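In this note's numbering, the protein residues as written are 12 to 394.
Even glycine gets a Cβ: it sits at the ideal position worked out from N, Cα and C.
Treat the numbers as computed from the prediction; the structure is a model and nothing was measured.
Down below is the structure, laid out as structure tokens.
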Amino acid sequence: MTELVGYDADRPLLLVTPFAPSAQGGGAVIVRSLIEGFEERVVWASPAADSEHTHSGQVARLTTGPKPWLVPPGRIARRIDDLAEAHSAGAVWAIAHGELVPGLANFAERSSRPLHVSVHDDPAWSVAFRGRRDRVLAPWLHVNFRRLLASADSIDVIGGGMRAAVAGSVGRDSIVVHRVVHGPIEANPAPPPSDRLVVGLLGSVYHPRQLAQLVEMLARAGRLVGRSAHLSVIGKEAAWMRRAAGVEDVEVEFHGHMNEPDGLERLRDAFALYVGYPFGLRERVLRQTSFPAKVATYIQAARPLIVHTPRDGTLTPLFGRRPFSIPWVNTDVRRGAETLADAWNQPEYHESQHEQAEAVRALYFGADNRERLYAALDALVGD
């Protein structure tokens, strides 16, 4: 078994994240899978309050105040250093995201303490630039992100697209680290009911237009196969999702947040599960460098995936895995509906997809992710 040998209760690893240890978003799920079994060696520090106390190791509060964007980066860096000193941390591992990036850049340049950085999304051009409120911060955030990448002792990224982007931006090499999913993937013994065409969606989509396209496509596909169409959404519901899903021919069910085992039980009842990235120029960096954390959950349901993305995105390696994959490579809802209906009419798409799902698990989400990360973290403190 891979071990985090360089750290223990007396000299722990300080983990700095923008989210709380019990958060349900993809970043927190990834981190929890990577430290599973070694939580006691990690002090998890975050500016977000953690009322659920799911982390069995120590938890620390990184105070940034109600308006963290207005806190001088040097002050955040000093607070990270103070936490590391207070807990006798051997090194710091940080998730480079959001308002923590400028402070982490300052910490990387000024602190003598070793720093490893994980990059799940480009904080400037795939997150801030796509939002209305934070778009003005994108250039400043980009500069600080490059400073952080240039000064960190080691870096891991979410995939090959991000690895190439980091190398092109600052000339640094990095390792690829995904979530760990234990295998093998089990078969899904109960086929979906044939009287309904059900598509499952975990979490949200990246643009309201994309959700509207999905619902319209599903309505058309339902008419083509002569079945009632249903969209089953698991995760936090937003008002814009209700508006975007307003099509009479599709029953859209919002189930709210569920833990992964309960959510998987519902996803297993769907004919197919939807994952996609937007097609616009503003989302180009997102789809070329990020990788949806929901794929790691989807594969455990052993159902086909509707992969809705341009061919220039990180999801395109899934296109050729039929019948596990149902590619939808444009925004034409008519063509998307015909593709989904064609899959419905082929028996192999109704079968359990556990063999293909296991191949995807082994390719992306195996225990080798933990091995690569632990090797980098242990290298920070040596023998």
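Whole-number beta carbon distance between residue j and residue i, since they are thought to touch under 8 Å
{"i": "Val344", "j": "Met228", "result": "4 Å"}
{"i": "Val54", "j": "Leu73", "result": "At roughly 11 Å, the Cβ-Cβ gap does not stay under 8 Å, so Val54 and Leu73 are not in contact."}
{"i": "Ala161", "j": "Arg183", "result": "7 Å"}
{"i": "Ala387", "j": "Ile186", "result": "6 Å"}
{"i": "Gly109", "j": "Pro195", "result": "36 Å between Cβ atoms; not a contact."}
{"i": "Thr308", "j": "Leu213", "result": "6 Å"}
{"i": "Arg157", "j": "Val188", "result": "That pair is no contact at about 21 Å."}
{"i": "Phe282", "j": "Val210", "result": "7 Å"}
{"i": "Asp92", "j": "Ser301", "result": "Wrong, their Cβ atoms sit about 30 Å apart, outside the cutoff."}
{"i": "Ala232", "j": "Ala348", "result": "4 Å"}
{"i": "Ala88", "j": "Ala59", "result": "Between Ala59 and Ala88 the Cβ distance is about 19 Å, and since that is not below 8 Å, they are no contact."}
{"i": "Gln364", "j": "Phe335", "result": "5 Å"}
{"i": "Leu45", "j": "Leu384", "result": "6 Å"}
{"i": "Arg86", "j": "Asn199", "result": "Not confirmed; about 51 Å, so no contact."}
{"i": "Trp355", "j": "Val236", "result": "5 Å"}
CA nearest to the CA of residue i, picked from the options
{"i": "Glu47", "options": "Arg22, His64, Asp61 and Leu15", "result": "Leu15"}
{"i": "Val340", "options": "Tyr285, Arg254, Gly101 and Glu197", "result": "Tyr285"}
{"i": "Glu63", "options": "Pro202, Pro84, Arg124 and Ser33", "result": "Ser33"}
{"i": "Gly17", "options": "Arg333, Thr327, His66 and Glu51", "result": "Glu51"}
{"i": "Leu111", "options": "Met269, Ala135 and Glu248", "result": "Ala135"}
{"i": "Val191", "options": "Arg207, Ala249 and Thr13", "result": "Thr13"}
{"i": "Leu81", "options": "Gly114, Trp104 and Ala100", "result": "Gly114"}
{"i": "Ala95", "options": "Gly85, Ser129 and Pro23", "result": "Pro23"}
{"i": "Glu294", "options": "Pro83, Arg43, Gly393 and Val216", "result": "Val216"}
{"i": "Leu275", "options": "Ala370, Val244 and Asp61", "result": "Val244"}
{"i": "Gln311", "options": "Arg277, Ser99 and Leu297", "result": "Arg277"}
{"i": "Pro125", "options": "Asp164, Ala176 and Phe49", "result": "Asp164"}
{"i": "Gln299", "options": "Asp260, Val168 and Gly36", "result": "Val168"}
{"i": "Pro321", "options": "Thr342, Val306, Arg333 and Arg332", "result": "Thr342"}
{"i": "Asp206", "options": "Arg220, Arg238 and Ala59", "result": "Arg238"}
{"i": "Phe265", "options": "Glu259, His241 and Tyr288", "result": "His241"}
{"i": "Lys247", "options": "Asp21, Gln35, Gly68 and Ala20", "result": "Gln35"}
{"i": "Leu316", "options": "Trp355, Pro338, Thr325 and Asn155", "result": "Pro338"}
{"i": "Glu271", "options": "Phe330, Arg231, Val306 and Ile87", "result": "Val306"}
{"i": "Ile389", "options": "Val263, Trp104 and Gly37", "result": "According to the sequence displayed, residue 389 carries Asp and not Ile. The shortest Cα separation from Asp389 among Val263, Trp104 and Gly37 belongs to Trp104."}
{"i": "Ala370", "options": "Arg143, Ala178, His193 and Gly171", "result": "His193"}
{"i": "Glu359", "options": "Val70, Gly170, Gly179 and Arg333", "result": "Arg333"}
{"i": "Ile166", "options": "Ala201, Val263 and Val130", "result": "Val130"}
{"i": "Asp323", "options": "Phe290, Ala378 and Ala304", "result": "Phe290"}
{"i": "Ala139", "options": "Leu297, Ala71 and Glu259", "result": "Leu297"}
Residue span of the beta strand (DSSP E) that contains residue i, given as start and end
{"i": "Tyr285", "result": "Ala283 to Gly287"}
{"i": "His319", "result": "Leu316 to His319"}
{"i": "Ile196", "result": "Ile196 -> no beta strand (DSSP E), and no H or E assigned at all."}
{"i": "Val54", "result": "Val53 to Ser57"}
{"i": "Leu212", "result": "Arg207 to Leu213"}
{"i": "Val296", "result": "Unbroken run through Val296 is the alpha helix (DSSP H), Arg295 to Thr300; no beta strand (DSSP E)."}
{"i": "Val168", "result": "Ser165 to Val168"}
{"i": "Leu24", "result": "Leu24 to Val27"}
Limits of the unbroken alpha helix (DSSP H) element including residue i
{"i": "Arg1", "result": "Residue 1 is absent from the model: the chain starts at 12 and stops at 394."}
{"i": "Arg174", "result": "Gly171 to Val181"}
{"i": "Ile46", "result": "Gly37 to Ile46"}
{"i": "Leu275", "result": "Glu271 to Leu278"}
{"i": "Ser162", "result": "Ala149 to Ser162"}
Outcome for residue i when other beta-carbon atoms lying within 10 angstroms are tallied against a minimum of 16
{"i": "Arg279", "result": "buried"}
{"i": "Leu351", "result": "buried"}
{"i": "Ser137", "result": "buried"}
{"i": "Ser123", "result": "exposed"}
{"i": "Gly101", "result": "buried"}
{"i": "Arg357", "result": "The residue you asked about is not Arg; residue 357 is Gln in the sequence shown. That one is exposed."}
{"i": "Leu396", "result": "Given that the chain is displayed from residue 12 to residue 394, the structure contains no residue 396 and the question cannot be resolved."}
{"i": "Asp273", "result": "exposed"}
{"i": "Arg90", "result": "buried"}
{"i": "His66", "result": "buried"}
{"i": "Ala97", "result": "exposed"}
{"i": "Lys78", "result": "exposed"}
{"i": "Ala20", "result": "exposed"}
{"i": "Arg381", "result": "buried"}
Within-8 Å CB hit, residue i to chain C
{"i": "Pro113", "result": "Of the protein chains in the structure, only one exists, and it is not chain C."}
Next item on the list: For the segment 96-131, list the beta strand (DSSP E) runs that are entirely contained and at least 3 residues long, ordered along the chain.
Entry: 102-106 and 126-130
Notebook entry, point to check: Quick one: complete alpha helix (DSSP H) runs, 4+ long, within the segment 215-269?
Noted result: 219-236 and 250-255
Check: What are the complete beta strand (DSSP E) segments, minimum 3 residues, inside the segment 309-384?
Finding: For the beta strand (DSSP E) assignment, the uninterrupted runs of no fewer than 3 residues enclosed by the segment 309-384 are, from N- to C-terminal side, 316-319 and 336-339.
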